[in-house]
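A short write-up of the structure that comes next.
2 protein chains.
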Amino acid sequence: MSPASRAYPPDRVVLREVGLRDGLQMVEHFPSTTAKADWLHRESAAGVRHFEVGSFLPAHAMPQFADVRGVIDICRDLGVHAAALALNDRGAADAVQTPLNEIVTVVSATEEHSQANARRSQADAIALVGRTVEMAKGAASPPLVQAGISMAFGCSIAGAVPSDDVVRIAAACVEAGADLLGLADTVGFAGPDQVTDLVTRVQRELGDVVLSIHLHDTRGMGIANASAALDAGVRVIDGSLGGLGGCPFAPGATGNVVFEDLVYLCERKGFATGIDLEQLMSVRDIAATAMPDEPLYGATPRAGAPRQIDWRAS
Amino acid sequence: MSPASRAYPPDRVVLREVGLRDGLQMVEHFPSTTAKADWLHRESAAGVRHFEVGSFLPAHAMPQFADVRGVIDICRDLGVHAAALALNDRGAADAVQTPLNEIVTVVSATEEHSQANARRSQADAIALVGRTVEMAKGAASPPLVQAGISMAFGCSIAGAVPSDDVVRIAAACVEAGADLLGLADTVGFAGPDQVTDLVTRVQRELGDVVLSIHLHDTRGMGIANASAALDAGVRVIDGSLGGLGGCPFAPGATGNVVFEDLVYLCERKGFATGIDLEQLMSVRDIAATAMPDEPLYGATPRAGAPRQIDWRAS
Chain H
1 MSPASRAYPP DRVVLREVGL RDGLQMVEHF PSTTAKADWL HRESAAGVRH FEVGSFLPAH
61 AMPQFADVRG VIDICRDLGV HAAALALNDR GAADAVQTPL NEIVTVVSAT EEHSQANARR
121 SQADAIALVG RTVEMAKGAA SPPLVQAGIS MAFGCSIAGA VPSDDVVRIA AACVEAGADL
181 LGLADTVGFA GPDQVTDLVT RVQRELGDVV LSIHLHDTRG MGIANASAAL DAGVRVIDGS
241 LGGLGGCPFA PGATGNVVFE DLVYLCERKG FATGIDLEQL MSVRDIAATA MPDEPLYGAT
301 PRAGAPRQID WRAS
Chain U
1 MSPASRAYPP DRVVLREVGL RDGLQMVEHF PSTTAKADWL HRESAAGVRH FEVGSFLPAH
61 AMPQFADVRG VIDICRDLGV HAAALALNDR GAADAVQTPL NEIVTVVSAT EEHSQANARR
121 SQADAIALVG RTVEMAKGAA SPPLVQAGIS MAFGCSIAGA VPSDDVVRIA AACVEAGADL
181 LGLADTVGFA GPDQVTDLVT RVQRELGDVV LSIHLHDTRG MGIANASAAL DAGVRVIDGS
241 LGGLGGCPFA PGATGNVVFE DLVYLCERKG FATGIDLEQL MSVRDIAATA MPDEPLYGAT
301 PRAGAPRQID WRAS
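Structure, rendered in structure tokens:
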């Protein structure tokens, strides 16, 4: 069994809560480290076991992630899986000094977006994945390395993205040693049939690499796309509490797929998540207090889970 | 070709906009007849061809539907398909005096809900479908009769609903002469796999009757359920502008599946809707003005449709 399969057992669905990373990416006000600790403590008590909690970047650039080391220590103390972004060599070098479980690297699906967003070529981004893998191997407790492919379902700059390109980049990332692949609908263009097609294609070409999907609800397709991904065999899905996160290319747009509704979807499809939905929904209070300007999305939190039917997976 | 297939051609998707019926079911403030005319005019200009526009009930009970005859006349003048509810003999008798295209009758999927909500047995409700069919046949221009099965995916009173029960009721409604069947997730309990199962079962047992689905987004599953229904062969889907409608059993809950996001879903899945999304979204202003207390949902209206990709079905 690969290290990635130990962290993400293939026989069950793992929902990764990315609110403390992607949900904070664009906010002005953000939770204090104490509030983040409370968030993680209460979500882990609700049964969430996998988190993305920050990004290794200069504190002056992204003050919301200045406490990433402390937050990773909190995850270690709670015994939950902690992932964080490292987008350059310095970030990766810093990341491997922590008890992080997973370093998330990012490669754009298009050369145009890679140059505009990361100011490097796709080839350089893939080389960075390789160097991050090497650094991870040298760590006291080697973290997994995820290669997340942003704009995999369409690009805010280049438009449509051929699935051949995504497969090629994914294969290069696996070749470079990535333990997991992530397919990200960064700007929320995808529809469910597209998810089915791309996921099926990547799985066919890349065998049994652990595949995760990162969905945005920018056009309301998040849950439908997650359902399609589950049907196609994906077992690792990102979401954020309250759908926090927005879209950098569409001011006022909805953000990540809503974690609470994702739990309902999985359970209703027969995939046990191990997550107590009532307890999870109560954590929204922390976000509401720490980020009063950020709308909290989600339908299940408004209605509550059904009391009259047994909606949980057995 | 059956009359129902003429109104709902089997080779294309028809989206029915039910905001002026289900969207007004629980509101205190509602659009004037002039505002409804503007709504219908602008949505039909955007390409929407099928509407549910009211309910034949005593005006004192439901003042929002007191102008239903005038609204049906507006639909006739616009040349769009107008449906309205008739929930008793008096309503059906009134309905057939109008140029209505479709009378919607309702049978509860559970005896408990039928008694509690309609104060009649399921057998009596099915008999009423039959009488409505007879009245329709005698009309100058016979309307279609839809038998909508409420609580088909779970009941707010009885809980889980066996698909055998839904199939049995659906068969009885077809036997009684209903031209179309509707399956309604009245309280938003359904998940996509359940939609696939029930739709497949009903289609297998009832052959080529025109089947529509009426979804609520109460737990955020609306678009995923619509996608599952489309995949299973359903070609008629209800939705409401801005997701208007709420849930009578969950105060503050989201309402019908959002029509605007439904258009995006269909187009992204390759089903041309004939609807101009930009024009459609602009109609939200009417709802916002006429019903300032009602939240307008929908992700696509927040973000706008993508400009960088060709998201429309060819």
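Protein chains in written order, with UniProt numbering: chain H, 1 to 314; chain U, 1 to 314. C-beta: ideal position from N, C-alpha, C; glycine also.
Own chain partners of residue i with C-beta closer than 6 Å, once the 5 adjacent residues on each side are dropped
i	result
U/Val236	Tyr8, Val14, Ser212
U/Asp67	Thr33
H/Pro31	Ala290
H/Gly245	Asp22, Gly23, Gly255, Asn256
Pairwise C-alpha distance: residue j and residue i
i	j	result
H/Ser274	H/Gly47	Checking the sequence, you will find Gly at residue 274 of chain H rather than Ser. About 6 Å.
U/Ala228	U/Pro142	33 Å
U/Asp310	U/His41	27 Å
U/Glu175	U/Ala226	27 Å
U/Phe153	U/Thr186	8 Å
H/Pro192	U/Asp89	43 Å
U/Pro63	H/Ser240	42 Å
U/Val234	U/Val199	8 Å
H/Ala61	H/Met221	32 Å
H/Arg79	H/Ser44	Just to set this straight, residue 79 of chain H is Gly in the shown sequence, not Arg. Answer to the nearest angstrom: the Cα atoms are 9 Å apart.
H/Ala125	H/Asp238	22 Å
U/Arg268	U/Leu277	12 Å
U/Gly6	U/Arg16	The residue asked about is misnamed: residue 6 of chain U is Arg in this sequence, not Gly. C-alpha separation (whole angstroms): 15 Å.
U/Gly130	H/Leu230	42 Å
H/Ala118	H/Val210	25 Å
Local conformation of residue i per DSSP, three classes
i	result
H/Cys173	helix
U/Leu128	helix
H/Leu57	coil
H/Ser227	helix
U/Asp238	strand
U/Gly159	strand
H/Ala86	strand
H/Gly148	strand
U/Ile213	strand
U/Gly138	coil
H/Ser108	strand
U/Val14	strand
U/Phe51	strand
H/Leu296	coil
Chain-order list of residues whose beta-carbon lies under 8 Å from that of residue i (same chain, five-residue window excluded)
i	result
H/Gln146	Ala83, Glu102, Ile103, Val104, Thr105, Ala178, Asp179, Leu180, Leu181, Gly182, Ser212
U/Asp217	Gly188, Ile223, Gly243, Thr254, Gly255, Asn256, Val257, Val258, Tyr297
H/Ala86	Ser55, Phe56, Ala92, Asp94, Ala95, Ile103, Val104, Thr105, Thr132
H/Gln115	Ser121
U/Leu206	Val167, Ala170, Ala171, Val174, Leu181
Test: residue i CB closer than 8 Å to a CB of chain U
i	result
H/Met221	yes
H/Phe189	yes
H/Ala123	no
H/Tyr264	yes
H/Ala224	yes
H/Thr273	no
H/Ser227	yes
H/Pro143	no
H/Cys173	no
H/Ala313	no
Residue i at chain H interface by Cβ criterion, 8 Å
i	result
U/Leu183	no
U/Val18	no
U/Val258	yes
U/Gly270	yes
U/Thr110	no
U/Gly242	no
U/Gly23	no
U/Ser282	no
U/Asp77	no
residue 338 of chain U	Residue numbering for chain U in the displayed model covers 1 to 314; residue 338 of chain U lies beyond these limits and cannot be assessed.
U/Pro192	yes
U/Thr254	yes
U/Asp261	yes
U/Ala178	no
Neighbourhood of residue i by C-beta distance below 7 Å, restricted to the same chain and skipping five residues each side
i	result
U/Met135	Ala92, Ala93, Val96
H/Ala109	Ile149, Ser150, Met151, Ala152, Cys155, Val161, Asp165, Val166, Ile169
H/Pro3	Leu144, Asp179
H/Asp197	Ser163
Where residue i meets chain A, residues with beta-carbon distance less than 9 Å
i	result
H/Thr33	No chain A is present in this structure, whose protein chains are H and U.
Quick one, which residues of the segment 148-166 of chain H are near chain U if we go by CB-CB under 8 Å, in chain order? Gly154, Cys155, Ser156, Ile157, Ala158, Gly159, Ala160
Could you list the residues in the segment 296-311 of chain U with a C-beta less than 8 Å from some C-beta on chain H, going in chain order? Gly298, Ala299, Thr300, Arg302, Ala303, Gly304, Ala305, Pro306, Gln308, Ile309, Asp310, Trp311
Can you pull out the residues from the segment 206-220 of chain H whose beta carbon lies closer than 7 Å to at least one beta carbon of chain U? Answer set for the segment 206-220 of chain H: Asp217, Thr218, Arg219, Gly220.
Members of the segment 34-64 of chain H that neighbour chain U once the beta carbon cut-off is set at 8 Å: none
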